[in-house]
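**Student:**
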Amino acid sequence: MKKKLLLSSGILALASPFISATCVVKNKTENDTPATAPAPNPVTPPAAEPVTPPNESPSVQPAPNPVNPPSNTEPTTPPNTQPSNPPANDKLEKELGKKHEDASAKLTSYLFSDANGRSIESIKSRIYRDSISGLDIDWNPSRDSEWGIARKIDNLIATEDHNESSSESTLRLFDDTYTDAKNKALLEKAKKDVADSNDRVERNSRSVENGNWNGISKDEEEKLRDHLEDVSESILNNDVSVWERKQEEARIAWENVFTEPFWNDISNRGWEKEYKDSLSRKLNSKNESLKTALKKLESKNNKEINLVSASHNSYLKILKSELEADKRSFEAQKADNESKLAVISEKLENSDTNKKASELKSLIADLNELLISSKADFNKLSDNVNYIEWLMNYGLKLRSDKETEGKELQKIKEVLEKYKQAKIEENKISEIDKKYDDNVKKLSELLTSEKTNKVKSEESLSSYKEELEFYDKFSMYLFPDSEKSYEVYLDKINELTEELESHKSQISDLENLKIEIEKERNSSISSVKAETRQLEDAVESHNNKFKALNDADNKVNEELSKANSQFVDDKKEIVEADKDIKNLENLISGHLYNENILLSELNKLGDEKKSLEAKSKEISEELAKLEEKEELIEHLEEIYNKQIEELEEKAYNSEKYLNDQIKKIELEISKLK
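Mind the numbering: the sequence shown is residues -21 to -1, 1 to 652 in mature numbering (1 follows the signal peptide of the UniProt record, and there is no 0), read in order.
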């Protein structure tokens, strides 16, 4: 697939002398009439100054150095390395920040394939592949070759239309004033422009494929053009520093092509006048193109500034209009609110309702004091009456309890008297002692028998032990085979030992049993005596209780006899006090109802006043916010003015380059006259 051919205006300016010489000068050795070359499309503003034509052949120089005209002519103007239109992504980087930086890198990479990375030295090696110095390159093209090369380079010039449209489309893609939908449409248009331009260049290039250049072979010519395409793409895909470096390298490469053989050929053929005329026409054409581009740029800048200014003014007008409307609205609300507040304040201060409510409040307070005093008297009388009534009931209960307790006391006394007359305690104790003596007698007999048996067992055991000891000393030696007799002694001793232990155990058990029987006797006697004491204690307890009830009954009777007359009077007074309390409560209730009605009216006015005061505060806060908003609008207006100044400065800077180029070209044209 053919690469995109996008030559910058700087490279085209460097190629201008070659274009002029090959397009206009007739080849005196050929009679063929060349076909008319297609008119080049309007060019974008050049990025470098054209080379001033020499009046005579330059001195011999090494091929790699740039062309120098003779000393009696104006020196060659060095090419300006500044691009006519700085890359859109670089400008938008500075103006719109990171957002445009990312968008520019992405879209530019998409629109223009990255062919950068090749060394500029490759163009030199292609031009001077077979020549170290370049002096042996034969610069003597035929007329067909001249016109063929002219058509090829004119075709390259035609791509400047494509450059301009692509640059404009790319710039619009990165402009925030366009929506994503418009950006998408512009992207498609830019891609179509690139494809159409490439097709046009390819068609024009194929129409001159039969031409040949004697100084450079057809393959080398194609390689040179391919490299210029790479340089162009590198310029469009990189920042300003890369653009300047590539432009300078391209300029050196072209000047190395147009070395001494080129100038010698022009001088030897007498083409100086034709060269100047051709160069003058080319410069005039470029000058007109630059002026046209300047007008377009001025129109574009003015349109952009006017558009931004109109947008800013419209937005500021809307903000100020809204601000003034809000101010008028809040000020009207404030005046209306203050008027209502004054009316309500007047009502609260000078209203009869206030006076009536105050009088009722004072009257209710006096009645409440009287009611409290009446209730206190009523409570005191009630307490006295209630106490006497309670005392009467208490006296009746005491009398009933005293009678019950007297009967119970008499009953217990009779039981105790019968208990003592029957000698029940003495008989029970005598029976317990008799039973105890019988048991002790039996235990003593058993204990004596066991002790006797114990003594007998001890004597028998002692006897057997002595016999066994004698048997050990003599019988073992006298009767060594009498083993059975020895075992008999041992068995008998063991048997007697067990009997002895049994007797000891029986004796101990009998002694313990005797102690237990004695304890049981004492316990039984204590229980019998306790029955008597219990009856005596019950008689004493009931007697004390009866005495206490009798004393309390006498005291109550005495107190009731004293308070009887006062009790009758208090009962009469309590009825009258109750009537007074009810009358006071009814009167206070009526006054409270009237007071509540008055207070409700006053509270309603007070609530309205508070509401109006709160609303006044809110309105004041809103007005304060509007003052802050007004300051912000003024600050925004300053920012907008600064933006307009920046746009004007930007427009001036963008137009300055074209003005400078126009002046330089006009200076070059004047030098050719």
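No residue lacks a Cβ here, since even glycine has one placed at the ideal position from N, Cα and C.
(1) Less than 7 Å separating the beta-carbons of Glu627 and Leu276?
(2) Would you check if there are 3 or more beta carbon pairs closer than 8 Å linking the region 413 to 429 to the region 505 to 519?
(3) Taking the beta carbon of Asn266 as the centre, do at least 16 other beta carbons fall within 10 Å, making it buried, or is it exposed?
(4) So, are the CB atoms of Glu600 and Phe309 less than 7 Å apart?
(5) List the whole-angstrom C-beta distance separating Ile391 from Val518, where the pair is believed to meet the contact cut-off of C-beta under 8 Å.
(6) Is Ala336 buried or exposed, if buried means 16 or more other CB atoms sit within 10 Å of its CB?
(7) Could you tell me how far apart the beta carbons of Leu577 and Ile343 are, in whole angstroms, since I believe they sit closer than 8 Å?
(8) Which value, in whole angstroms, describes the spacing of the CA atoms of Ser534 and Leu388?
(9) Alpha carbon to alpha carbon, what distance is there between Thr431 and Glu477?
(10) Specify whether the region 342 to 362 and the region 543 to 560 touch according to this definition: at least 3 beta carbon pairs, one from each stretch, less than 8 Å apart.
(11) With three or more beta-carbon pairs closer than 8 Å as the criterion, would you say the region 286 to 300 touches the region 612 to 628?
(12) Tell me the rounded alpha-carbon separation between Leu651 and Ala272.
(13) Who are the Cβ neighbours of Lys306 in its own chain at under 7 Å, not counting the five residues just before and after it?
(14) Which residue's Cα is closest to the Cα of Leu425: Lys413, Glu490, Lys621 and Ala531?
(15) Around the C-beta of Tyr631, are 16 or more other C-beta atoms found within 10 angstroms, so that it is buried, or is it exposed?
(16) Go through its chain and collect everything with a Cβ distance to Leu581's Cβ below 8 Å, but skip five positions before and after it.
(17) Using only the alpha-carbon positions, how far apart do Ser441 and Val507 sit?
(18) Take every Cβ of the region 519 to 538, pair it with every Cβ of the region 369 to 387, and state whether three or more of those distances are shorter than 8 Å.
(19) Thinking just about the alpha-carbon of each residue, which of Ser423, Lys594 and Ser520 is nearest to the one in Gln485?
(20) With a CB to CB cut of under 8 Å and the five nearest residues on each side skipped, what residues in its chain are close to Glu597?
(21) Tell whether a beta-carbon distance below 7 Å holds between Leu339 and Glu609.
(22) For Leu651, does the three-state DSSP call read helix, strand or coil?
(23) With 7 Å as the threshold, decide whether the Cβ of Ala630 is near any Cβ in chain C.
(24) Sorted by chain position, which residues of the same chain lie with C-beta nearer than 8 Å to Tyr443's C-beta, five sequence neighbours on each side aside?
(25) Taking Cβ to Cβ, would you say Leu349 is nearer than 7 Å to Ile567?
(26) Express the C-alpha separation of Ala603 and Leu320 in angstroms, rounding to a whole number.
(27) Excluding the 5 residues flanking Tyr619 on each side, which residues of the same chain have their C-beta closer than 6 Å to its C-beta?
(28) Look at the Cβ atom of Leu286, then the Cβ atom of Ile641, and state whether they are nearer than 7 Å.
(29) I need the straight-line Cα distance from Ser300 to Asn575, nearest angstrom please.
(30) Measuring straight from C-alpha to C-alpha, what distance separates Leu258 and Glu625?
(31) Can you grab the Cα-Cα spacing for the pair Gly569 / Lys594, in whole Å?
(32) To the nearest angstrom, how far is it from the Cα of Arg260 to the Cα of Ile648?
**Tutor:** On the basis of the supplied data:
(1) In the sequence shown, residue 627 corresponds to position 648, counting from 1. In the sequence shown, residue 276 corresponds to position 297, counting from 1. No, they are not a contact pair.
(2) Short answer: they don't touch.
(3) Here residue 266 refers to the residue found at position 287 when the sequence shown is read from its first residue. Its Cβ being crowded by 16 or more others within 10 Å, Asn266 is buried.
(4) Residue mapping note: residue 600 aligns to position 621 of the sequence shown, counting from 1. Residue mapping note: residue 309 aligns to position 330 of the sequence shown, counting from 1. Their beta carbons are not under 7 Å apart, which means Glu600 does not touch Phe309 by this criterion.
(5) As a working note, residue 391 is residue 412 in the sequence shown. As a working note, residue 518 is residue 539 in the sequence shown. A Cβ-Cβ distance of about 5 Å is found for the pair Ile391 and Val518, placing them in contact under the 8 Å criterion.
(6) For the purposes of this step, residue 336 is identified with residue 357 of the sequence shown, where counting begins at 1. Buried is the call here.
(7) In the sequence shown, the residue the question calls residue 577 occupies position 598. In the sequence shown, the residue the question calls residue 343 occupies position 364. Between Ile343 and Leu577 the Cβ distance is about 12 Å, and since that is not below 8 Å, they are no contact.
(8) Along the sequence shown, read from residue 1 onward, the residue named residue 534 stands at position 555. Along the sequence shown, read from residue 1 onward, the residue named residue 388 stands at position 409. Reading off the sequence, residue 534 comes out as Lys, not Ser. One C-alpha to the other measures close to 22 Å.
(9) Numbered from its first residue, the sequence shown carries residue 477 at position 498. Numbered from its first residue, the sequence shown carries residue 431 at position 452. Here the C-alpha atom of Glu477 lies approximately 16 Å from the C-alpha atom of Thr431.
(10) Verdict: yes, contact present.
(11) Yes: at least three Cβ pairs fall under 8 Å.
(12) For this step, residue 651 is matched to residue 672 along the sequence shown. For this step, residue 272 is matched to residue 293 along the sequence shown. Inter-residue distance for Leu651 and Ala272 is about 24 Å (C-alpha atoms, whole angstroms).
(13) In the sequence shown, the residue the question calls residue 306 occupies position 327. If we look at Lys306 and ignore the five residues flanking it on each side, its Cβ neighbours are Leu605.
(14) Taking the first residue of the sequence shown as 1, we reach residue 425 at position 446. Checked all of Lys413, Glu490, Lys621 and Ala531; the closest Cα to Leu425 is Glu490.
(15) Numbered from 1 along the sequence shown, position 652 holds the residue referred to as residue 631. Exposed, by the Cβ-count rule.
(16) Position 602 of the sequence shown, counting from 1, holds the residue named residue 581. Hits under 8 Å: Leu327, Ser330, Thr332, Asn333 and Ala336.
(17) Your numbering for residue 441 matches position 462 in the sequence shown. Your numbering for residue 507 matches position 528 in the sequence shown. Distance from the CA of Ser441 to the CA of Val507, rounded to the nearest whole angstrom, comes to 52 Å.
(18) Output reads yes: the region 369 to 387 touches the region 519 to 538.
(19) For the purposes of this step, residue 485 is identified with residue 506 of the sequence shown, where counting begins at 1. Among Ser423, Lys594 and Ser520, the Cα nearest to that of Gln485 is on Ser423.
(20) Translated into positions along the sequence shown, residue 597 becomes position 618. None.
(21) What you label residue 339 is simply residue 360 of the sequence shown in a count that begins at 1. What you label residue 609 is simply residue 630 of the sequence shown in a count that begins at 1. For the pair Leu339 and Glu609, the CB atoms are not nearer than the 7 Å cut-off.
(22) Residue numbering aside, residue 651 sits at position 672 when the sequence shown is read from its first letter. The answer is helix: DSSP assigns Leu651 an H, G or I state.
(23) Of the protein chains in the structure, only one exists, and it is not chain C.
(24) Within the sequence shown, the letter at position 464 stands for residue 443. In its chain, beyond the 5 residues on either side, Tyr468, Lys471, Ile472 and Leu475 have a beta carbon closer than 8 Å to the beta carbon of Tyr443.
(25) Looking up residue 349 in the sequence shown gives position 370. Looking up residue 567 in the sequence shown gives position 588. Against a cut-off of 7 Å, the Cβ pair of Ile567 and Leu349 comes out as no contact.
(26) Walking along the sequence shown from the start, residue 320 turns up at place 341. Walking along the sequence shown from the start, residue 603 turns up at place 624. Using only the alpha carbons, I get a separation of about 21 Å.
(27) On the sequence shown, residue 619 is found 640 positions in, with the first residue counted as 1. Correct list, in chain order: His291.
(28) For this step, residue 286 is matched to residue 307 along the sequence shown. For this step, residue 641 is matched to residue 662 along the sequence shown. Cβ atoms of Leu286 and Ile641: not closer than 7 Å.
(29) Position 321 of the sequence shown, counted from the first residue, corresponds to residue 300. Position 596 of the sequence shown, counted from the first residue, corresponds to residue 575. Cα to Cα, Ser300 sits roughly 51 Å from Asn575.
(30) The count along the sequence shown starts at 1 and reaches residue 258 at position 279. The count along the sequence shown starts at 1 and reaches residue 625 at position 646. If I take the Cα positions, the gap works out to 39 Å.
(31) Residue 569 sits at position 590 when you count from the first residue of the sequence shown. Residue 594 sits at position 615 when you count from the first residue of the sequence shown. About 38 Å.
(32) For the purposes of this step, residue 260 is taken as the residue at position 281 of the sequence shown. For the purposes of this step, residue 648 is taken as the residue at position 669 of the sequence shown. If you draw a straight line from the Cα of Arg260 to the Cα of Ile648, it is about 9 Å long.
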